[in-house]
Amino acid sequence: MRILLIASAYNSLTQRVHAELRDHGHTVAAEVTPGSEDVVRAVDRHAPDLVLAPMLKTVIPREVWTARTCLIVHPGPVGDRGPSSLDWAIHEDAGDWGVTVLQAEEEMDAGPVWATAAFPVPRVAKSDLYRNELSDAALDAVLTAVERFASGSHSPVDQRDLPGAPGARSRPPMRQETRRIAWADDPTGTVLRTLRAADSQPGVRDELLGGEWFLHGGHPEHRLRGRPGELLATRAGAICRATTDGAVWIPELRARTGPGAARACKLPAVLALAGRLPELPAPVLCPDSAATWSDIRYREEGPVGVLSFSFPGGAMSTDHCRRLLDAYRAACERPTEVLVLGGARDFFSNGIHLGVIEAAPDPAVESWANINAMDDLVEAVLTTTDRLVVGAIGGNAAAGGVMLALAADEVWCRSGSVLNPHYRLMGLYGSEYWTYSLPRRVGAATARRLTEDALPLSGERARDTGLVDRVIACAPADFTAEVTRLAHRWAGSSGAQSRLAAKKAESEHREAVTPLAAVRERELAHMHRIFFDPDAPYHALRRAFVRKERTS
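In structure tokens form, the structure reads like this:
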């Protein structure tokens, strides 16, 4: 069947639906359609059997939905309407929520239902929930709806004939007035819900050190205390702010800009505040059981070490890379047989931090520093020969983040992961030793196709191409435990020692034939030309991406 995906942005859910529908044998085209006229043109170009909108902020024009079946993925249960459904669910501390695939009609979110699916709402950020529990449910509902449409015999059900979920109703967009934090009155739980409901967009508008900022992300702090609203400390680029009964860590800030001004970049909070606060350093290997927040954590269980990390949006700045490299080296000093790199839910990595680069005084210089720091980290993983390393992808990964995982001996991902092993859409050649690691896994021809086609891969398709060794079918919340269990099994297996011996032999052969230093030099020569050419497309594409500007 010919399916056209229309979306306001080619976001994580659109990519996953695109990849999974292709896996199911459909011919799928995807187009970004910011306005109604874009929708009309896209439909005219493709003449699809079915139009599907995984994430659409505009209205599908009458001339389209009256001529073709158009299905909308609404991030709310039956009976829920409005553009801020997930925000309200988190804000009101819902325990369960749902996704509805409905047919486009005159009234927004009011069309007949083709499929619906429920999901739990853990206490995580909205973007994390969207990419994981909601994404799993949405995919189930989409596949069911597409199958029903393809049968030609299914009739969608009027919403009025279906029971509404608890809390489902028509609600307006959530405005900043509702999101506002009353620091003098709100306890930690309320502050966290407010922050999580605005992550990663639009953020919570607030006043701080004489300026107006949007706060992004929130994590509880159980030790530090202070006057409500007071800034207490910084760590790993985040700021800690006191609540009435504790404190919260806020990883990122975005400056509020006036009308007509370019949108500011979302940055690590300390960088955004230009270092006006004292640093409270985190330990290099923060124990996973520590009653405080850290973006890098380490846990050890017998022969298995788990070095997990969670950077906002999966972006890794120069500082992120260097701190993770320090932690990786420290983890390699521990007496383990298998080291799991990753293993947390949500993003693994998307490579270099385009926001920090865009905000730097000289983006070319910062680009160069960032890619070299990323290469240092990948090289450390590639050259680890005294233990087995697993790259454990709990969520999505892209560009250099995929190559970081490929540096490990095995790559395991959750069944809901989406991988984008390419750089082309950002105008980059790429580094992170991809010209060695990718062909080694999938062959030269497939490596060329993956990087040139620049299409997302589902976990299952990635496994079938050789990019991934194992796909773990589990809920997002269970990924860490399942990866740890499998790593224990591997550490105790008869093949572990022979695998380690083969790894050492391969490393010696590689250095004799194609030294990693030569691979890095060749890749970085391409990247240097791009970074330091002011007319290279990379600079315009980067700016458009981080400032949410439209580009061709």
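For the sequence shown, the numbering used here gives the first residue as 1, with consecutive numbering after it. C-beta atoms are modelled at their ideal positions from N, C-alpha and C, and glycine is treated no differently. No experiment lies behind these values; they were computed from the predicted model shown.
Exposed or buried, H422, counting other C-beta atoms within 10 Å across all chains shown (16 or more means buried)?
-> For the purposes of this step, residue 422 is identified with residue 422 of the sequence shown, where counting begins at 1. With 16 or more Cβ atoms within 10 Å of its Cβ, H422 is classed as buried.
Between the stretch 37-47 and the stretch 123-132, are three or more C-beta pairs nearer than 8 Å?
-> The count of Cβ pairs closer than 8 Å, one atom from the stretch 37-47 and one from the stretch 123-132, stays below three, leaving the stretches out of contact.
Within 10 angstroms of the Cβ of K504, are there 16 or more other Cβ atoms? Answer buried if so, exposed if not.
-> Start at 1 with the first residue of the sequence shown, and residue 504 comes out as number 504. Here K504 is exposed. Its C-beta has fewer than 16 other C-beta atoms within 10 Å.
Residue of V51, A9, L13 minimising C-alpha distance to M1 = Taking the first residue of the sequence shown as 1, we reach residue 1 at position 1. The residue with the shortest Cα to Cα distance from M1 is V51.
Say whether the stretch 71-88 touches the stretch 102-122, bearing in mind that this needs 3 or more beta-carbon pairs closer than 8 Å, one atom from each stretch.
-> yes
Enumerate in chain order the residues of its own chain whose CB-to-CB distance from K57 is below 6 Å, with the five nearest sequence positions on each side excluded.
-> As a working mapping, residue 57 is identified with position 57 in the sequence shown. Cβ within range, chain order: S8.
Would you check if the stretch 349-362 and the stretch 387-400 touch, i.e. whether three or more CB-CB distances between them fall below 8 Å?
-> Because the criterion of three Cβ pairs below 8 Å is met, the stretch 387-400 and the stretch 349-362 touch.
Which whole-angstrom value describes the C-beta separation of L555 and R22, a residue pair presumed to lie in contact below a C-beta threshold of 8 Å?
-> The shown model of the chain, from 1 to 552, leaves out residue 555, and the question about it has no answer.
Beta-carbon spacing of S431, D362 below 7 Å | By 1-based counting over the sequence shown, the position of residue 431 is 431. By 1-based counting over the sequence shown, the position of residue 362 is 362. In this structure, D362 does not lie closer than 7 Å to S431 by Cβ.
So G218 and I250 are in contact, right, with Cβ under 8 Å, and what is the actual spacing, rounded?
-> Within the sequence shown, residue 218 is the residue found at index 218, counting from 1. Within the sequence shown, residue 250 is the residue found at index 250, counting from 1. About 6 Å; that satisfies the 8 Å criterion.
Identity of the residue in V59, G164, T144 nearest G76 by Cα = Counting from 1 along the sequence shown, the entry for residue 76 is found at position 76. With distances taken between Cα atoms, G76 lies closest to G164.
Does the beta-carbon of G394 have 16 or more other beta-carbons within 10 angstroms, so that it is buried, or is it exposed?
-> Counting from one through the sequence shown, the residue named residue 394 turns up at place 394. The residue is buried, with at least 16 neighbouring Cβ atoms inside 10 Å.
Are V142 and V113 close, meaning C-beta to C-beta below 7 Å?
-> The residue given as residue 142 occupies position 142 in the sequence shown. The residue given as residue 113 occupies position 113 in the sequence shown. No. Outside cutoff.
Could you pull out every unbroken alpha helix (DSSP H) segment of at least 4 residues lying fully inside the stretch 150-184, listed in chain order?
-> Segments of the alpha helix (DSSP H) lying fully in the stretch 150-184: 176-179.
Nearest residue (CA-CA) to G495, options E482, R387, T14, A331 = Position 495 of the sequence shown holds residue 495. If we check each option's Cα against that of G495, R387 comes out closest.
Which stretch, first to last residue, makes up the alpha helix (DSSP H) that contains Y328?
-> The residue labelled residue 328 in the question sits at position 328 within the sequence shown. Y328: member of the alpha helix (DSSP H) spanning 318-331, first to last residue.
Nearest candidate by alpha-carbon position, reference A592, set L428, A117, E37 = Residue 592 lies beyond the stretch modelled for the chain, which goes from 1 to 552, so this question has no answer here.
If you draw a straight line from the C-alpha of R196 to the C-alpha of A445, how long is it?
-> The sequence position of residue 196 within the sequence shown is 196, counting from 1. The sequence position of residue 445 within the sequence shown is 445, counting from 1. Going by the C-alpha atoms only, they are around 43 Å apart.
How about the stretch 245-261 and the stretch 335-347: do they share at least three Cβ pairs that are nearer than 8 Å?
-> no
Can at least three beta-carbon pairs, one atom from the stretch 185-192 and one from the stretch 235-245, be found at a separation below 8 Å?
-> With contact defined as three or more Cβ pairs closer than 8 Å, the stretch 185-192 and the stretch 235-245 are in contact.
With distances taken Cα to Cα, identify the nearest neighbour of S458 among L13, V121, A236, I3.
-> Numbered from 1 along the sequence shown, position 458 holds the residue referred to as residue 458. Of L13, V121, A236, I3, the residue nearest in Cα terms is L13.
Whole runs of the beta strand (DSSP E) within the stretch 29-62, excluding any shorter than 3 residues = 50-55
Check whether A145 and A115 have beta carbons under 7 Å apart = Translated into the one-based positions of the sequence shown, residue 145 becomes position 145. Translated into the one-based positions of the sequence shown, residue 115 becomes position 115. Cβ atoms of A145 and A115: closer than 7 Å.
8 Å contact criterion, which A285 and A327 should meet: CB distance rounded = The count along the sequence shown starts at 1 and reaches residue 285 at position 285. The count along the sequence shown starts at 1 and reaches residue 327 at position 327. The identity of residue 285 in the sequence shown is Leu, whereas the question assumes Ala. Yes, L285 and A327 are in contact; Cβ-Cβ is about 6 Å, under 8 Å.
Work out the CA separation of T336 and A330 for me, nearest whole Å.
-> Here residue 330 refers to the residue found at position 330 of the sequence shown. Here residue 336 refers to the residue found at position 336 of the sequence shown. Rounded to the nearest angstrom, the two C-alpha atoms are 12 Å apart.
Short CB-CB distance (under 7 Å) between A7 and chain D | Annotation note: the requested chain D is absent from the structure, which comprises a single protein chain.
Short check: CB of G79 to CB of A19, under 7 Å?
-> Here residue 79 corresponds to residue number 79 of the sequence shown, with the count starting at 1. Here residue 19 corresponds to residue number 19 of the sequence shown, with the count starting at 1. Between G79 and A19, the C-beta gap is not smaller than 7 Å, which leaves the two residues out of contact.
7 Å Cβ shell around V338 - same chain, five flanking residues per side excluded | Counting from 1 along the sequence shown, the entry for residue 338 is found at position 338. Result list for V338: P303, V304, R387, L388, V390, A487, W490, A491, in chain order.
Could you tell me whether the stretch 174-187 touches the stretch 82-93, using the rule of 3 or more Cβ pairs below 8 Å?
-> Three or more Cβ pairs closer than 8 Å define a contact, and the stretch 174-187 meets that threshold against the stretch 82-93.
Compute the Euclidean distance between the alpha carbons of R463 and R547, then round it to the nearest angstrom.
-> Reading the sequence shown from its first residue, position 463 is the one you call residue 463. Reading the sequence shown from its first residue, position 547 is the one you call residue 547. Whole-angstrom Cα-Cα distance: 34 Å.
So which of L467, Y436, R461, I472 has the shortest CA-CA distance to S507?
-> The residue you call residue 507 lines up with position 507 of the sequence shown. Ranking L467, Y436, R461, I472 by Cα distance to S507 puts Y436 first.
Can you tell me which of the three DSSP states Y298 falls into?
-> Translated into positions along the sequence shown, residue 298 becomes position 298. Strand, per DSSP.
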